[in-house]
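The structure appears right after this line, and notes come after that.
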Amino acid sequence: MAKPISLISIIVPVYNETESIDWFHSELLKVLYKLTQYMFEVIYVNDGSKDDSLTKIMQLSGGKNCNVQVVDLSRNFGKEAALSAGIATATGDALISLDADGQYPVELIPDFIEKWRGGAEIVIGIRASNQGEGFVKRYGSKLFYPAFNKLTGVELIPRSTDFRLIDRIVADEFNKLTENNRITRGLIDWLGFRHDFIEFDAKPRQFGTPTYTFKKLVQLAVDTFTSLSAVPLFFAGYTGLFFMAISFVLGGFILIEQVILNDPWHIHFTGTAMLGVLITFLVGAILSAQGLIGMYVARVLSESQRRPLYIVRKTIKL
Ligand code: UDP
Ligand code: MG
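Under numbering that gives the first Met the number 0, the first residue of the sequence shown carries the number 0, and numbering increases by one thereafter.
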């Protein structure tokens, strides 16, 4: 029996990419045509583009081993939602996501497939360098990842991108996740499975300007933090404990030195100083209580995300 040919889905989120669509598609087809041993479905997710992107996509055509599909979203939902829509639509045995702006080298698609054939269930594109990226983005991500990994204990891979391949089994698990506020990369990392990596040089954007502005990047960082970790909720609590500890030390000192020993060092603590210590204590108590509430909120958060308790790769009967 002939081995069934694998179907590979290529998912491309598109937001206002009129200028790059044609160029991107022809670059992509050049690569796909050479991989005759596979079938491809290219899924363009039009994320509410305000320009002619949709018209452009509708004019595209596939080829001998490749179909083209469009998922047209009703408005701009953001790249993360667009990717999710693409993953939910894809029917391939493996799914590859990449940007329409030409920053991710399509020539590497065969390498991704190769690693997948070699047993990796997730193949992640890692940016080797940040040429063409703005100052904020370059240094922002340098700061963000170590801070995130340290503070949350969740291992995010620095410089990892949305240029990735996921196996059908990963896509099926991903589709089961129901949380709304999502960072696709983070969720896929959370799912586990066997990872492999491919390093590549991100190219400068071919056309147009990146749609991720500084504000959006900050939003992305905050979203990543709050969607994958409840640690920020506990900051108030730790600060509170710190203030309480200080007030205990100071208060204890005043009590012993002035009240019990009758001020042998002649410090003469004023009422204001004592009031200060009392206020420090109260602020500490309030903040600690907020930290406590944070712990409950964290539980509500984790329950409401309805993440699966565990993820099974397969069960094996022997
Ligand atoms: N994109 C999208 N919806 C958005 C913003 C961007 O689908 O709201 C797409 C965009 O068309 C591109 C990819 O996501 O294919 C990455 O966008 P961009 O190049 O602006 O981001 P960056 O390269 O800076 O991460
Ligand atoms: Mg880009």
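For glycine and all other residues, C-beta sits at the position ideal for the given N, C-alpha and C.
- Rounded to the nearest whole angstrom, the CA to CA distance from I165 to I10 is 11 Å.
- When secondary structure is reduced to three states using DSSP, A99 falls in the coil class, being assigned neither helix nor strand.
- Two segments are said to touch when three or more pairs of C-beta atoms, one from each, lie closer than 8 Å; by this definition the region 39 to 54 touches the region 63 to 72.
- If you draw a 10 Å sphere on the C-beta of M243, you find 16 or more other C-beta atoms in it, and that means buried.
- For S8, the uninterrupted beta strand (DSSP E) run begins and ends at 6 to 13, by DSSP.
- If you draw a 10 Å sphere on the C-beta of H24, you find 16 or more other C-beta atoms in it, and that means buried.
- When distances are taken from the beta-carbon of V217 to the heavy atoms of the ligand UDP, even the shortest one reaches 6 Å or more.
- Closer than 6 Å to some heavy atom of the ligand UDP: that describes the Cβ of G77.
- Listed in chain order, the non-local C-beta contacts of D50 below 6 Å within the same chain comprise N15, T17, local neighbours out to five positions each way being set aside.
- Between R158 and D92, the C-beta spacing is not below 7 Å.
- Going by beta carbons, I310 and L190 fall inside the 7 Å limit.
- Using a cutoff of 6 Å, the CB of P12 counts as near the ligand UDP, since one of the ligand's heavy atoms is closer than that.
- Cα atoms of E120 and I108: separation of roughly 15 Å, rounded to the nearest angstrom.
- In the three-state DSSP reduction, I20 falls in the helix class (H, G or I).
- Residue ranges of uninterrupted beta strand (DSSP E) with 3 or more members, entirely inside the region 17 to 57 and ordered along the chain, are 38 to 45.
- Contact between the region 274 to 283 and the region 246 to 257 is present: three or more C-beta pairs spanning the two stretches fall below 8 Å.
- Judged by their CB atoms, L150 and V230 are nearer to each other than the 7 Å cut-off.
- For D161, the shortest separation between its Cβ and any heavy atom of the ligand MG does not lie below 6 Å.
- Between the region 175 to 195 and the region 212 to 229, the count of Cβ pairs shorter than 8 Å is three or higher; the stretches touch.
- Bridge pairing for I121: I165, H194 [DSSP].
- Excluding sequence positions up to five before and after P12, its CB lies within less than 6 Å of the CB of V44, D46, K78, A81, L82, all in the same chain and listed in chain order.
- Excluding residues up to 5 positions away in sequence, Q304 lie with their Cβ nearer than 6 Å to the Cβ of E178 in the same chain.
- Taken through DSSP and simplified to helix, strand or coil, S159 comes out as strand.
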